[in-house]
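Below is one structure; the comments refer to it alone.
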Amino acid sequence: MQPSSTPSRPALMDDYEAGQWAVHFEDREPEDLLEWAFERFGTQRLALISSFQAESSVLIDMAWRINPQVRVITVDTGRLPQETYELIDRVRERYRIAVEVVMPDPVLIGRMVRRHGMNLFYRDVNLRLLCCHLRKVLPLQQVLEGLDAWVTGLRRAQWATRANIRKVEIDHDHGGLVKLNPLADWSDDDVWDYIRQNDVPYNALYDRGYTSIGCAPCTRPVEPGADPRSGRWWWEKDAPKECGMHCPIETGGFEHEVEAILGHDLGGQLNE
Numbered sequence: 448m449q450p451s452s453t454p455s456r457p458a459l460m461d462d463y464e465a466g467q468w469a470v471h472f473e474d475r476e477p478e479d480l481l482e483w484a485f486e487r488f489g490t491q492r493l494a495l496i497s498s499f500q501a502e503s504s505v506l507i508d509m510a511w512r513i514n515p516q517v518r519v520i521t522v523d524t525g526r527l528p529q530e531t532y533e534l535i536d537r538v539r540e541r542y543r544i545a546v547e548v549v550m551p552d553p554v555l556i557g558r559m560v561r562r563h564g565m566n567l568f569y570r571d572v573n574l575r576l577l578c579c580h581l582r583k584v585l586p587l588q589q590v591l592e593g594l595d596a597w598v599t600g601l602r603r604a605q606w607a608t609r610a611n612i613r614k615v616e617i618d619h620d621h622g623g624l625v626k627l628n629p630l631a632d633w634s635d636d637d638v639w640d641y642i643r644q645n646d647v648p649y650n651a652l653y654d655r656g657y658t659s660i661g662c663a664p665c666t667r668p669v670e671p672g673a674d675p676r677s678g679r680w681w682w683e684k685d686a687p688k689e690c691g692m693h694c695p696i697e698t699g700g701f702e703h704e705v706e707a708i709l710g711h712d713l714g715g716q717l718n719e
């Protein structure tokens with residue numbers, strides 16, 4: 448596969464500087480990193496990209512306490528649980544934040560549904576990745592094109608593919624902007640201790656046995672003690688528990704299907 452064709456932006460920070468900042472913030476509190484981020488990038492070119500899972504709830508509360516003008520952006524895939532929509536409204540009311548909601552291209556979704564049906568993701572990993580790409584990855588790419596830095600709720604303990612994330616990284620998959628992961632070293636207990644101590648609004652599905660929340664058809668509760676992400680795409684065997692928003696996914700068949708839906712060869716863009 449060719450290198451990413453995402454247009455590069457003027458270098459805001461190189462890998463060496465990002466590595467230095469990552470070391471600097473490794474043993475610091477998440478609030479320290481967020482405060483630095485506001486000072487470095489301002490409030491227009493920096494945004495918290497929220498999935499409205501527990502980690503996002505923590506970061507919204509933290510960032511709002513530092514700067515009430517924080518931008519919060521979320522991708523509405525069109526298949527989210529009602530509880531997630533309810534939480535978005537609660538966040539709007541609690542923090543007076545105008546949550547920016549981005550949606551996938553309805554034309555592309557229409558082509559996919561006509562070609563493969565509404566619940567294509569249950570039939571094949573490639574079709575699940577296709578659905579994730581059109582509903583999540585492409586809308587995210589459009590959002591990130593207008594930013595210099597983005598904040599995520601990724602944690603190393605969530606999944607093997609996230610074990611080596613740093614608190615400050617250069618996101619080469621999205622044109623070289625800065626990616627900040629303030630909760631990288633937090634545990635599940637750290638997240639929930641913060642939520643309880645600060646009375647932070649959270650998704651009601653957590654009280655029903657959910658431990659990782661995505662689209663409604665692709666998420667279910669898990670048994671106590673089970674891997675937190677085992678409720679995501681549970682029908683798949685030996686497949687990545689990722690959608691492509693935070694790491695490139697290549698399967699061959701997936702790329703072919705995306706090209707067929709979009710009507711042209713995306714080349715290296717499918718790395719994003």
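Counting with this note's numbering, you get residues 448 to 719 for the letters of the sequence shown. Where a beta carbon is used, it is the ideal one built from N, C-alpha and C, also for glycine.
Burial state of N650 (16 or more Cβ within 10 Å): What you label residue 650 is simply residue 203 of the sequence shown in a count that begins at 1. N650 should be labelled buried.
In DSSP terms, what R679 is bridged to: The count along the sequence shown starts at 1 and reaches residue 679 at position 232. As DSSP reads the structure, R679 sits in a beta bridge with T666.
Exposed unless 16 or more other CB atoms sit within 10 angstroms - verdict on D712: Sequence index remark: in the sequence shown, residue 712 carries index 265 (1-based). Note that D712 scores 41 on pLDDT, short of 50, meaning its location in the model is unreliable and no value can be drawn from it.
Inter-residue Cα distance where the pair is G715 and L574: Stepping through the sequence shown from its first residue, residue 715 is reached at position 268. Stepping through the sequence shown from its first residue, residue 574 is reached at position 127. Residue placement at G715 is flagged as unreliable, the pLDDT there being 39, under the threshold of 50; the coordinate-derived value follows with that caveat. Our two residues, G715 and L574, have alpha carbons roughly 19 Å apart in a direct line.
Beta-bridge pairing of W597 - partner residues as DSSP gives them: Here residue 597 refers to the residue found at position 150 when the sequence shown is read from its first residue. W597 pairs with A494 and K626.
Length-filtered (3 minimum) beta strand (DSSP E) runs lying within the stretch 466-541: Here the runs fully enclosed are 493-496 and 519-522.
Delimiting residues of the alpha helix (DSSP H) encompassing V560: Working through the sequence shown from its first residue, we reach residue 560 at position 113. Per DSSP, the unbroken alpha helix (DSSP H) holding V560 starts and ends at P553 to H563.
Collapsed DSSP secondary structure at E464 in the structure displayed: Start at 1 with the first residue of the sequence shown, and residue 464 comes out as number 17. Note: E464 maps to helix in three-state DSSP.
Which listed residue (P528, A469 and P477) has its alpha carbon closest to that of W511: Position 64 of the sequence shown, counted from the first residue, corresponds to residue 511. Comparing Cα-Cα distances from W511 to each of P528, A469 and P477, the minimum goes to P477.
Of the listed residues D479, P664, V505 and E592, nearest to R570 (C-alpha basis): In the sequence shown, counting from the first residue as 1, residue 570 sits at position 123. Ranking the options by Cα distance to R570, first place goes to P664.
Which listed residue (R518, V598 and V615) has its alpha carbon closest to that of A469: By one-based count along the sequence shown, residue 469 stands at place 22. When only C-alpha atoms are compared, the closest one is V615.
Whole-Å CB distance - V546 paired with V538, under 8 Å assumed: Taking the sequence shown and counting its residues from 1, the one referred to as residue 546 is at position 99. Taking the sequence shown and counting its residues from 1, the one referred to as residue 538 is at position 91. Rounded, the Cβ-Cβ distance is 6 Å, consistent with contact.
D636 CB to nearest heavy atom of the ligand HEM below 8 Å: Of the ligands one can find in the structure shown there are none, so the ligand HEM has no counterpart to examine.
A484 vs L594 beta-carbon contact at 9 Å: Here the question's residue 484 lines up with position 37 in the sequence shown. Here the question's residue 594 lines up with position 147 in the sequence shown. Between A484 and L594, the C-beta gap is not smaller than 9 Å, which leaves the two residues out of contact.
DSSP three-state assignment for V548, whether helix, strand or coil: Here residue 548 corresponds to residue number 101 of the sequence shown, with the count starting at 1. If DSSP states are grouped into helix, strand and coil, V548 belongs with the strands.
DSSP state of V647 mapped onto helix, strand, coil: The sequence position of residue 647 within the sequence shown is 200, counting from 1. In the structure shown, V647 sits in coil (DSSP, three-state: anything other than H, G, I, E or B).
Cβ separation of D635 and P675, assumed to be a contact under 8 Å, to the nearest whole Å: The residue given as residue 635 occupies position 188 in the sequence shown. The residue given as residue 675 occupies position 228 in the sequence shown. Correct: roughly 7 Å between the Cβ atoms.
For D618, three-class secondary structure by DSSP: Counting from 1 along the sequence shown, the entry for residue 618 is found at position 171. Of the three classes helix, strand and coil, the one that applies to D618 here is strand, per DSSP.
Status (buried if at least 16 other CB within 10 Å, exposed otherwise) for G525: Start at 1 with the first residue of the sequence shown, and residue 525 comes out as number 78. Exposed, since its Cβ has fewer than 16 Cβ neighbours within 10 Å.
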